[in-house]
Structure formats: structure tokens, C-alpha cells
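**Student:**
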Amino acid sequence: MGKFLISRFSGVGVTGRSGNRAGYWLLSLTMAMMAVVTVAPMGLLALTSLTAATGPVLAGGASLSHYAEVLGRAGYRALFWRSIGISALVTAATVLLAYPMAYFVAFHAGQRKFAHSKTIWMIALTIPFWTSYLLRVFAWKIILGYGGVINSALLSLHLISQPLGALLYNPFAVVVTLTHAWAAFAILPIYVSLEKIDRSLLEAATDLGDGPIRRFLRITLPLSMPGVIGAAILIFVPTTGDYVTPTLVGGPQGAMIANVIAVQFERVGNWPLGAALALASMAMVAPAAGLFVAAARLVTRTVK
Amino acid sequence: MKSLRAYAFAYLAFLYLPVLFLPLFSFNNSHFIAFPLAGFTTRWYGDLFADDTMLHALGNSLQVGAATALLATLLGLLAARAVTRYRLRGSGAMLGFVSLPLFIPDIVLALSLLLLLGAIGFPLSLAAVVLGHTGLCVPFALAVLLARFEGFDRNLEEASADLGEDAWMTFWRVTVPLMLPGILASLLLTFITSFDEFLLAYFLSGTEATLPVYIWSQLRFPDRLPMVLALGTLILAASVALVVLAEWARNWGVAPDKKSIGA
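Residue numbers (this note's numbering), protein chains in the order written: chain A, 1 to 304; chain B, 1001 to 1263.
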């Protein structure tokens, strides 16, 4: 078995059709594993969402009643829109804030003093993300809380006489926290796409009379769009389903879809409804992400 | 471009300030996380290491992280090799399929796995967490390894075969040394990802808490907070050490030393 695997792995002397079979054989283990952890559970989730009553899966035949409830209740609809709105804001803020940073590292860092300074910048930018995600989110609860860092600092400086209560437990706190927590996922792809830009194109634009702004809009920005789109999807999709941040800093007004799904599975015990909510949220995220990509492409094309 | 440089440092401050409150208040001699500071203490660190529940959770997380890193890197290695060594029809679609967990929100992945394990009678346990984490980490392992394999010179392996080595020896003496930096980078990345993962562990671990599940349980008790911040500070310090190590491993393989290939 080990030897068989290794001969396929190294593939020395394996050519033609038998070579392809060896390749598929190598891939099969990984594919099987991914089927077990994604396709099988998602399939079961879909079946569960069609199950009418609490009981064994599909015991009383298939029913769309839970989807009707998900779509019919105004509370759920509001929740979906809020989750998508918060994630869209987070995505836009994260990408907009990260772009100049990535641009600086790609084009201006490490030109004079020492050649490694690009690497140093990138390490410096990623180090905060290696703390526990839970504690990075929790840090904002410490900062924004009623007796927290901002309030206690302002109080001890005598700038306010009463703590500001409106900082924590609202959608704003969720947006700020997520924008901080996901910054690395914007910096890295945008930096990579900026680094790939052929510098001679920029020189050519300058030679042909483009000023710095026109050159940026016509060359740098369009060519870095793959990084921007990649970053947007990497942030938008997971943040719509984030559970930790709305739970810790969201409060009732900042609750998101993941909280409601988890409640169905944990406290209420209505797994079929939870499953329907989960799949409905994924079905809403996909077109929203698609719109994102289309909008980004459109912007690029108009600029060109 | 002075304003851009100023922006870069302001952005760096935005990234670091919240995180730096963890070490700051972990040495603060007060139960309250607020200004003004109340003097220096290391007692929260003492409390932390006297907490057997924390040490047990740490042990669990190290085990889960190690098992996940090994499994995910092995699976990533097979897939990355299959795609770069052979010309396979549909390999793009297959790589997309492997990346699927990136596009499923963690909460959905966690709860659907909970359903599946319940349906097949697999007990909630650390093994269940390893299963979930492996699925989550294979896309990362694959991304790291693919980036490394794209510059892989196959002639070195062909030369080894032409010079009379069998597949086994070629594998050990040529393929493995060339891939080692990528493998190490993948092991580190997947280990850290698993070590920090909360949601899957929360739903799948049963009675055995991992470190993030332990931290989550402590966040509800205000008087435990300074101790949790001490733990966060230690995790930060250990992670920085690991990242520096990973960076060193990455550079170490970029221009492979001839000695490490031939010997």
C-alpha cells in the first residue's frame, strides 16, 4: 500500500493513460475525505430541513414547511437583511482600509534602506492575527464596554462625566470588530495582486503622459481587481455566518443569522428549522457574493 | 508619498492597539479591565498555571492540532502532487471541490457535521473535532503546497531514476527534501488554524474542551478575565515565535542548497 502510493506519488516513468489513472488515484483520497466532511453533512442538512416534525429524518415524508416559515416570518427576513448588510459594510470597510496599506508595502516599502523590509512589513501586518480569534473579538468588548477602555480613559481624563452606553451591543460594534478581525484576509490577496503588476506597464503609462492618478485608475486599480474581488469573497462569505462576534459584542440589535441558527439547534431543539435557516442563509449569500463580483468588474470596466 | 507612509503606521496602530490591551491588562493588578492601571502583577499567570482545567484543555488542543496538521498536510500533499505532476482533465473543478469548506460558513459546517455524526452514531469527541478541522484545513494545506510545487523541477526526479534509483529511493532522496519546506509551512499553518478554531470544536468536542472552548466558557465570569488575558498573551507570544519559524522555513527552501539534494 505504502509503496504503491509512493510510486504513484513520484510518478517516475508513469506516462500516458496509465499516468492519468495514477493521478486520479492520488486525488481520490483527498476527494473522499472532503466528500465526508462537506457533501455528506450538507446533504443530510438538506434532508433534515425537509423533515416535517421533530423525529427521524424524513419520517413523515418531505415538506417545505420550514422554508415557508423562514421566508414568511418578518423577523427572519429582517435578520437576513441585517446579516447581509453588516457583512457588506465589513467587506467594504476592510477592503478600503487595507488597499492603501497593501499598496504602500507593494510599491513603497523596502526601496532604500533594506531589501527585506517588505517581508518585515508583511510579518508585522499579520502578527496580530495569530492571537486567539476569540480574544481578538473580546478585546473590542473590553475597549467599547460600559466600564471599558474608552469609557474609563475618557472618565479619568474628565472629558465625560457619565460612561457612554451606546458603544457596545449594536451593529456598529459588530462592524468595527469584524473589520479589525478580518483585516489580514484583505491585505494578503490585495498585496499579492499588486506585487504581480508588471512595473514596466507603469513606466509606459508615465512615458505616454499619464499623471499618477490617471495611471493608478487605468493600470494599477484594474490589474489589482482580482485581489480585491478575492478579498471581498474571502471576507463576505464567512462573516455573514459569524457566530462569535455578534454573540460577544452585538447584543439583541446586533444579532446575526448564525445566532438564530445556533439557538434552534441548542436551546429550542428544532433541528429541521435550524437546517432550513442555515441553507436559506447560504442560498442568500451566494447571489449577494455574485453581485459583489459583478459590481467590482463593472467598476473596473468603467474606469478602463 | 509621505501621507501614504503616515497612513501605513496609523493602520498598523489600528491592528495592534486592541491586541496589545491583552498583555497590558494581563499584568494589571486589578480584577477590573479599566483605566487607570492599578500596578504590576504576575499573579494572573500564576493562577493560570494552577488551573488544571486550562492545562487539560491545552493538552487537548495540542493533540487535536497535531493530528489535524498531519492529516490535512498529507491529504493536501496527495492532491497538490496529483495536480502538478499529472495533466488531469477536470483538475480545476476538483480543486474547487476541495476548497468548498472555504465557502461554507463555519456555523453551517459545524451543525451539519453534528447532524452527520449523530446519524452514523459517531460519538462527540476530540476525534470528531479532528475530522472537522481536517476538512477545514485541507484547502489551506493545498494552497500552500500548490504554491511550492509550481516551481518544482521534475527533471531532478527523472535524473534520479535514470541514474538507477528505484521509485522508493527517488522519493526519499529527491522528492521529500525538495518538498520539505512546503510541508513544514503547511504543518505550521494547519496546526495554528486548528489550535485557534472555536466553533467546530464547540459543537463537536462533547465533554472534552479544547483551549478556545475553555476560553469561551471563561468569558462569562468577570473575575476570570485577567487570567484569560494572560492566556491570550501567552498564545500571542507562542504564535509570534511560530510565525517567525515558519518564515525562516519558507526562505530556507527558496534556493535549495545543493548539499541537501545530493548528499
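Even glycine gets a Cβ: it sits at the ideal position worked out from N, Cα and C.
In the DSSP assignment, find the unbroken alpha helix (DSSP H) run with Gly-1096/B in it and report its ends.
**Tutor:** Segment 1091-1098, the alpha helix (DSSP H) holding Gly-1096/B.
**Student:** For Ser-132/A, go through chain B and note every residue whose CB falls closer than 7 Å to its CB, in chain order.
**Tutor:** Asp-1196, Pro-1212, Ile-1215, Gly-1232, Ile-1235, listed in chain order.
**Student:** First and last residue of the alpha helix (DSSP H) that includes Arg-168/A?
**Tutor:** The sequence shown places Leu at residue 168/A, not Arg. No alpha helix (DSSP H) holds Leu-168/A; DSSP gives it neither H nor E.
**Student:** So which residues of chain A does Gly-1135/B contact, with C-beta pairs closer than 8 Å?
**Tutor:** Near Gly-1135/B (Cβ distances below 8 Å), the residues of chain A are Met-33, Met-34, Val-36, Val-37, Thr-38.
**Student:** So for Ala-1201/B, helix, strand or coil by DSSP?
**Tutor:** Helix.
**Student:** Just how far apart, CA to CA, sit Thr-1073/B and Cys-1137/B?
**Tutor:** Going by the C-alpha atoms only, they are around 8 Å apart.
**Student:** Please work out which residues of its chain come closer than 8 Å, Cβ to Cβ, to Ala-1006/B, disregarding the five sequence neighbours upstream and downstream, and give them in chain order.
**Tutor:** The answer is none, since no qualifying residue turns up.
**Student:** Under a Cβ-count criterion, where at least 16 other Cβ atoms within 10 Å of its own Cβ denotes burial, should Arg-1087/B be classed as buried or exposed?
**Tutor:** Exposed is the call here.
**Student:** Any C-beta of chain A sitting closer than 8 Å to the C-beta of Ile-1183/B?
**Tutor:** For Ile-1183/B, the answer is no, since every Cβ of chain A falls outside 8 Å of its Cβ.
**Student:** Three-state secondary structure (DSSP) at Phe-1040/B?
**Tutor:** Three-state DSSP puts Phe-1040/B in a strand.
**Student:** How about Val-1129/B and Thr-1193/B: are their beta carbons less than 8 Å apart?
**Tutor:** The answer is no: Cβ separation not under 8 Å.
**Student:** What does DSSP give as the partner residues of Ala-1082/B in its beta bridges?
**Tutor:** In the DSSP output, where bridge partners are listed per residue, Ala-1082/B has none listed.
**Student:** What does Asn-170/A reach in chain B if we use C-beta pairs closer than 8 Å?
**Tutor:** Those do not exist, as Asn-170/A stays about 18 Å from chain B at its closest Cβ, beyond 8 Å.
**Student:** Tell me the rounded alpha-carbon separation between Arg-214/A and Ala-98/A.
**Tutor:** Their backbone Cα atoms lie some 21 Å apart in a straight line.
**Student:** Once DSSP output is grouped into helix, strand and coil, what is the label at Ile-1261/B?
**Tutor:** Confidence at Ile-1261/B is low in this model, with a pLDDT of 38, below 50, so its placement is unreliable and no value can be given for it.
**Student:** Closer than 9 Å by beta-carbon distance: list the chain A residues that pair up with Phe-1032/B, in chain order.
**Tutor:** Those are Gly-147, Ser-152, listed as they occur along chain A.
**Student:** Can you tell me whether DSSP reads Thr-1210/B as helix, strand or coil?
**Tutor:** Thr-1210/B falls in the coil class under three-state DSSP.
**Student:** Closer than 7 Å by beta-carbon distance: list the chain A residues that pair up with Ser-1026/B, in chain order.
**Tutor:** Those do not exist, as Ser-1026/B stays about 10 Å from chain A at its closest Cβ, beyond 7 Å.
**Student:** With DSSP collapsed to three states, give me the class of Ala-109/A.
**Tutor:** Coil at Ala-109/A, not helix or strand.
**Student:** What does Thr-245/A touch in chain B if you count any residue whose Cβ is under 8 Å from its own?
**Tutor:** Simply none; closest approach about 11 Å.
**Student:** At a Cβ threshold of 8 Å, is Ser-1205/B touching chain A?
**Tutor:** It does not; no Cβ of chain A falls within 8 Å.
**Student:** Against chain B, with Cβ distances strictly below 8 Å, would Ile-261/A count as a contact?
**Tutor:** Closer than 8 Å to some Cβ of chain B, the Cβ of Ile-261/A qualifies, so yes.
**Student:** Return the chain-ordered list of same chain residues with a C-beta closer than 7 Å to the C-beta of Ala-280/A, the five sequence neighbours on each side being excluded.
**Tutor:** Around Ala-280/A: Tyr-67, Val-70.
**Student:** Taking contact to mean 3 or more Cβ pairs, one atom from each stretch, closer than 8 Å, check whether the region 1050-1065 of chain B and the region 166-182 of chain A are in contact.
**Tutor:** With the cut-off at 8 Å, the region 1050-1065 of chain B and the region 166-182 of chain A do not touch.
**Student:** So, does the region 1008-1018 of chain B touch the region 122-132 of chain A, judging by three or more C-beta pairs under 8 Å?
**Tutor:** Touching, yes, given that three or more Cβ pairs across the two stretches are closer than 8 Å.
**Student:** Got a sec? Which residues, its chain only, sit under 8 Å from Thr-48/A by beta carbon, not counting five neighbours each side?
**Tutor:** Closer than 8 Å at the Cβ level, and outside the excluded window around Thr-48/A, lie Val-57, Trp-271, Pro-272, Ala-275.
**Student:** Anything in the region 72-105 of chain A with a Cβ closer than 9 Å to a Cβ of chain B? List those residues in chain order, please.
**Tutor:** Here the close residues are Leu-97, Ala-98, Pro-100, Met-101, Tyr-103, Phe-104, Val-105.
**Student:** Taking only the alpha-carbon atoms, compute the straight-line gap between Gly-147/A and Phe-1027/B and give it to the nearest angstrom.
**Tutor:** Rounded to whole angstroms, Gly-147/A to Phe-1027/B spans 18 Å at the Cα level.
**Student:** At the 8 Å Cβ level, is Arg-267/A part of the contact set with chain B, yes or no?
**Tutor:** It does not: the Cβ of Arg-267/A has no partner Cβ on chain B nearer than 8 Å.
**Student:** Let me know the secondary structure DSSP gives Ala-62/A once reduced to three states.
**Tutor:** Ala-62/A falls in the strand class under three-state DSSP.
**Student:** Is the beta carbon of Tyr-133/A closer than 8 Å to that of Asp-1106/B?
**Tutor:** Contact flag unset, no.
**Student:** Note down the Cα distance separating Gly-269/A from Ala-262/A, rounded to an integer number of angstroms.
**Tutor:** Going by the C-alpha atoms only, they are around 10 Å apart.
**Student:** Hey, Val-1144/B and Ala-1185/B are a contact pair by Cβ (cut 8 Å); roughly how many whole angstroms apart?
**Tutor:** Rounded, the Cβ-Cβ distance is 5 Å, consistent with contact.
**Student:** Where does Asn-1028/B sit, in a helix, a strand or coil, going by DSSP?
**Tutor:** It is a strand residue.
**Student:** Just mark Gly-1121/B as buried or exposed, buried being the case when its beta carbon has 16 or more other beta carbons within 10 Å.
**Tutor:** That one is exposed.
**Student:** Which two residues bound the contiguous alpha helix (DSSP H) that contains Thr-1193/B?
**Tutor:** Looking at the DSSP string, the run of the alpha helix (DSSP H) that includes Thr-1193/B is 1176-1196.
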